[in-house]
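Quick notes on the structure that follows.
In this note's numbering, the protein residues as written are 2 to 751.
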């Protein structure tokens, strides 16, 4: 546990309310809570500007952040990220005493694109496991990013001494560990959201009217509403300015004291300067004016009702963009003109196609560019991002649901709701375009959208979709890849670009990876392409000097190279057997794996079963986009292999899942090299790749099996060569064997 005094190094100052343009709205929210406490006779204490905008102490401790904005909010919004961070600091300080709750209260609404926050608000208890995991992951990302930002800001202060710097660094490490250990049943479930969906003017107006209605309660002894309202607001302002935080308290007893005053006696508590500052006098005049407008409005509504009757029988009209359509920057578009032409021609011939390519190949970017170039060819366009799955993506797309005017009933199942959406889409006339981006699963849902009337469909995926034309996205030409690298990295290259070309080949000509590596170099002080490339080959991307943060438009927070790759190639939607199989394949040569070879590794007695299982798993993983199968050969993306290895070695007893396959491989090489060495040659490349993939410092859980495998490998090499390099490998193996095994163990290095 972190000392509370140290936590304060990262605490946010929330006292300077005069800089907040919505502070009047905050005062009205505070006033409403205060008078409701009094009416309901709750002995809760309300603090102004202590630890948060509003702090309530009763049966539980409630911290409330109040925001009055004209813009919508998302989990990418700075205000929400700051609030979550401040909530977390208060959570660490107060969670040991009484139950704690955190509330983000705002007049505005959630951004139409913000599906995760919409789902969270709709399911505040986070009972859906998939949603809960996504929320927890996002909260951790926010907290990591905010911690890094605040750490950087505090360390950059000029008046800070070395002791304080050490404390900040130490507390930062401890706080990050606390964040890492967060569970969904702790801090995340204590956050509540209130989005009123009002514009700022109406929000203030509505709250103002609501407060006046509450003040008409007889408990306030028929005091003039305008007077006691002004008195209470001035009292809130007075309390918030007190230098001692423990005195900034609004209690029921204070209201009673004020009500005991005569009407004329109350006047002394009214500070006109405060009311002018709060804009109260203007709002009172505005209220009277609005009452006149309301009369006029009632007549206008009657006229509108006649218009509605006349227009009800006409066909419904839909906006061109039925959802939010992500835009791309033309300046980043290289070498895909032929692909654009192919997609255009294919959509003339058929109702749709899917674009297949590994993660980061540029599928989404290509479709964005297609829309930019061809949007005038379509009457309506809809874009569905199918992450985490297509079903939830559709049902949580509030913009689509609203634009289609779909009405869901509480009795509707998810399948019913999808059918209602499809029915509405079928009613949209014209030539229309539907994009389903990042498709992973939910084939039953997808099938409902494949045969819609008047809709062309483009799907992007890393996997395969049956019975739909496929366009496999080709690699970009070298010239385009060089342009991408040069756009993000200013490091000059040699005349023949040898290192750059070797780097492109190593990472599989992946445009996104090229962009990420280029940005890492550009944002660093001393990294070069050559040094970073060496780190890739030596599996050192998790070294501290490479953890350089940079920003991507599609990401909410600053990221590092490895963290983004791990997120991009996260193992999901896999069975346990598929995951183990993929972890083993990640240790083998990326473009030279023979299914028959790896089936034989288990021995002839298991060959038929292994061949069946490995074939089925290979086919399934190809459909899901994790590898490619060409006849009996397997090709894996090198970047995917690298990320799996990084993730595996972080696990407790990493690589232990591969111990049986390593032992089988040892026996195959050792067995055949003793009778017919040439039969072992087909297996040597797999052993070499495994030993190269699992670095010395990560072999603890399977050290002896790897020593045995290396011993068998070198014995087999003795039949092929007798070189100095082989001799050096034997010496190195003997040294490592002696360090690990007892002196009388003769099982290796023999």
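Built from N, CA and C at the ideal position, the CB exists for glycine as well.
First through last residue of the beta strand (DSSP E) which encompasses residue 148: By one-based count along the chain shown, residue 148 stands at place 147. According to the DSSP assignment, residue 148 belongs to no beta strand (DSSP E) but to the alpha helix (DSSP H) extending over 130-156.
Leaving out five residues on either side along the sequence, give the residues of the same chain with a beta carbon under 8 Å from the beta carbon of residue 264. Start at 1 with the first residue of the chain shown, and residue 264 comes out as number 263. Non-local C-beta neighbours of residue 264 in its own chain, meaning closer than 8 Å and more than five positions away in sequence, comprise 224, 225, 228, ordered along the chain.
Is there contact between the stretch 621-638 and the stretch 656-667, where contact requires at least three CB pairs shorter than 8 Å? Short answer: they don't touch.
Rounded C-beta distance between residue 251 and residue 35? I'm assuming under 8 Å. Taking the chain shown and counting its residues from 1, the one referred to as residue 251 is at position 250. Taking the chain shown and counting its residues from 1, the one referred to as residue 35 is at position 34. Residue 251 to residue 35, Cβ: 5 Å. Contact.
Is residue 578 near residue 614, with beta carbons less than 9 Å apart? Position 577 of the chain shown, counting from 1, holds the residue named residue 578. Position 613 of the chain shown, counting from 1, holds the residue named residue 614. Yes, they are a contact pair.
I need the straight-line Cα distance from residue 70 to residue 559, nearest angstrom please. Residue 70 sits at position 69 when you count from the first residue of the chain shown. Residue 559 sits at position 558 when you count from the first residue of the chain shown. Approximately 25 Å, taken between the alpha carbons.
What whole-angstrom Cβ distance do residue 459 and residue 450 have, given they're in contact under 8 Å? As a first step, residue 459 must be located in the chain shown, where it is residue number 458. As a first step, residue 450 must be located in the chain shown, where it is residue number 449. Contact doesn't hold; Cβ gap of about 12 Å is too wide.
Measuring alpha carbon to alpha carbon, tell me which residue in 722, 635, 509 is nearest residue 643. Working through the chain shown from its first residue, we reach residue 643 at position 642. Out of 722, 635, 509, the CA that lies nearest to the CA of residue 643 is found in 509.
Rounded Cβ spacing between residue 540 and residue 646 (contact assumed at less than 8 Å): In the chain shown, residue 540 corresponds to position 539, counting from 1. In the chain shown, residue 646 corresponds to position 645, counting from 1. Confirmed, Cβ separation roughly 7 Å.
With burial defined as no fewer than 16 other Cβ atoms inside 10 Å of the residue's Cβ, what is the status of residue 37: buried or exposed? The residue labelled residue 37 in the question sits at position 36 within the chain shown. Per the 10 Å Cβ criterion, exposed.
Distance CB(residue 507)-CB(residue 650) smaller than 9 Å: As a working mapping, residue 507 is identified with position 506 in the chain shown. As a working mapping, residue 650 is identified with position 649 in the chain shown. Inclusion of residue 507 and residue 650 in the CB contact set at 9 Å is not warranted, their separation being larger than that value.
Rounded to whole angstroms, what's the CA-CA distance from residue 62 to residue 99? Just pull it up for me. As a working mapping, residue 62 is identified with position 61 in the chain shown. As a working mapping, residue 99 is identified with position 98 in the chain shown. Whole-angstrom Cα-Cα distance: 7 Å.
Excluding the 5 residues preceding and the 5 following residue 432 in the sequence, name in chain order all residues of the same chain whose CB lies nearer than 6 Å to its CB. Here residue 432 corresponds to residue number 431 of the chain shown, with the count starting at 1. Here the set comprises 379, 380.
In this structure, how does DSSP classify residue 595 when only helix, strand and coil are distinguished? As a first step, residue 595 is located in the chain shown; it is residue number 594 there, counting from the start. Note: residue 595 maps to strand in three-state DSSP.
Within its chain, find whatever has a CB closer than 7 Å to the CB of residue 312; leave out the 5 residues flanking it on each side and keep chain order. Mapped onto the chain shown, residue 312 falls at position 311. Because the pLDDT at residue 312 is just 47, under 50, the model does not fix this residue reliably, and the value given afterwards should be weighed accordingly. Within the same chain, residue 312 has no close Cβ partners at all.
Can you tell me which of the three DSSP states residue 38 falls into? In the chain shown, counting from the first residue as 1, residue 38 sits at position 37. Under the three-state reduction of DSSP, residue 38 is assigned to helix.
Which whole-angstrom value is the C-beta distance of residue 141 and residue 183, which I expect to be below 8 Å? Here residue 141 refers to the residue found at position 140 of the chain shown. Here residue 183 refers to the residue found at position 182 of the chain shown. Rounded, the Cβ-Cβ distance is 6 Å, consistent with contact.
Member of 464, 520, 529, 477 whose CA lies at the smallest distance from the CA of residue 493: Counting from 1 along the chain shown, the entry for residue 493 is found at position 492. Ranking 464, 520, 529, 477 by Cα distance to residue 493 puts 529 first.
Under a Cβ-count criterion, where at least 16 other Cβ atoms within 10 Å of its own Cβ denotes burial, should residue 563 be classed as buried or exposed? Taking the first residue of the chain shown as position 1, residue 563 is located at position 562. Buried, because 16 or more other Cβ atoms sit within 10 Å of the Cβ of residue 563.
Excluding the 5 residues flanking residue 741 on each side, which residues of the same chain have their C-beta closer than 8 Å to its C-beta? Counting from 1 along the chain shown, the entry for residue 741 is found at position 740. These residues qualify, in order along the chain: 704, 705, 708.
Residues in its own chain within less than 7 Å of residue 517 by CB, not counting five upstream and five downstream? For the purposes of this step, residue 517 is identified with residue 516 of the chain shown, where counting begins at 1. The beta carbon of residue 517 sits closer than 7 Å to the beta carbons of 562, 565 from its chain, once the five residues preceding and following it are set aside; these are given in chain order.
Between which two residues does the alpha helix (DSSP H) containing residue 66 stretch? Here residue 66 refers to the residue found at position 65 when the chain shown is read from its first residue. Element bounds for residue 66: not the alpha helix (DSSP H) but the beta strand (DSSP E), 62-68.
Under the three-state reduction of DSSP, which class applies to residue 31: helix, strand or coil? Taking the first residue of the chain shown as position 1, residue 31 is located at position 30. Helix at residue 31.
Sequence-distant residues of its chain with Cβ nearer than 8 Å to residue 779 (five each side left out): Only positions 2 to 751 of the chain appear in this structure, which leaves residue 779 out of reach.
Please list the segments of the alpha helix (DSSP H) lying wholly inside the stretch 337-418, counting only runs of 4 or more residues, in order along the chain. The stretch 337-418 contains these whole alpha helix (DSSP H) runs: 338-350, 364-375, 391-396, 399-405.
Which runs of the alpha helix (DSSP H) spanning at least 4 residues fall entirely within the stretch 512-588, listed in chain order? 512-524, 530-538, 562-569, 577-586, all fully within the stretch 512-588.
Look at residue 76 and residue 132 and say whether their C-beta atoms are less than 9 Å apart. Locating residue 76 in the chain shown gives position 75, counting from the first residue. Locating residue 132 in the chain shown gives position 131, counting from the first residue. Contact: no.
Beta strand (DSSP E) runs wholly inside the stretch 596-673, at least 3 long, in chain order: The qualifying runs are 628-631, 634-637.
Sort out for me which residues DSSP pairs residue 57 with in a bridge. By 1-based counting over the chain shown, the position of residue 57 is 56. According to DSSP, residue 57 bridges with 47, 63.
In angstroms, rounded to a whole number, what distance separates the CA positions of residue 436 and residue 115? Start at 1 with the first residue of the chain shown, and residue 436 comes out as number 435. Start at 1 with the first residue of the chain shown, and residue 115 comes out as number 114. Residue 115 has its alpha-carbon roughly 18 Å from the corresponding atom of residue 436.
Do residue 110 and residue 198 count as a contact pair if the criterion is CB distance below 9 Å? Looking up residue 198 in the chain shown gives position 197. Looking up residue 110 in the chain shown gives position 109. Yes, these two residues count as a Cβ contact at 9 Å.
Within its chain, find whatever has a CB closer than 7 Å to the CB of residue 500; leave out the 5 residues flanking it on each side and keep chain order. For the purposes of this step, residue 500 is taken as residue 499 along the chain shown, with counting starting at 1. For residue 500, the CB contacts under 7 Å within the same chain, skipping 5 residues up- and downstream, are 530, 531, 534 in chain order.
For residue 391 versus residue 447, is the C-beta distance shorter than 9 Å? Start at 1 with the first residue of the chain shown, and residue 391 comes out as number 390. Start at 1 with the first residue of the chain shown, and residue 447 comes out as number 446. Yes.
Distance, residue 630 Cα to residue 731 Cα: Taking the first residue of the chain shown as 1, we reach residue 731 at position 730. Taking the first residue of the chain shown as 1, we reach residue 630 at position 629. Residue 731 and residue 630 have their C-alpha atoms spaced approximately 36 Å apart.
Leaving aside the five residues before and after residue 502 along the sequence, list all residues of the same chain whose C-beta is less than 8 Å from its C-beta, in chain order. Position 501 of the chain shown, counted from the start, is the residue given in the question as residue 502. Apart from the 5 residues on each side of it in sequence, residue 502 sits with its Cβ closer than 8 Å to the Cβ of 479 in its chain, given in chain order.
Going by C-alpha distance, which of 581, 325, 452, 33 is nearest residue 657? Position 656 of the chain shown, counting from 1, holds the residue named residue 657. Distances from the alpha-carbon of residue 657 to those of 581, 325, 452, 33 put 581 closest.
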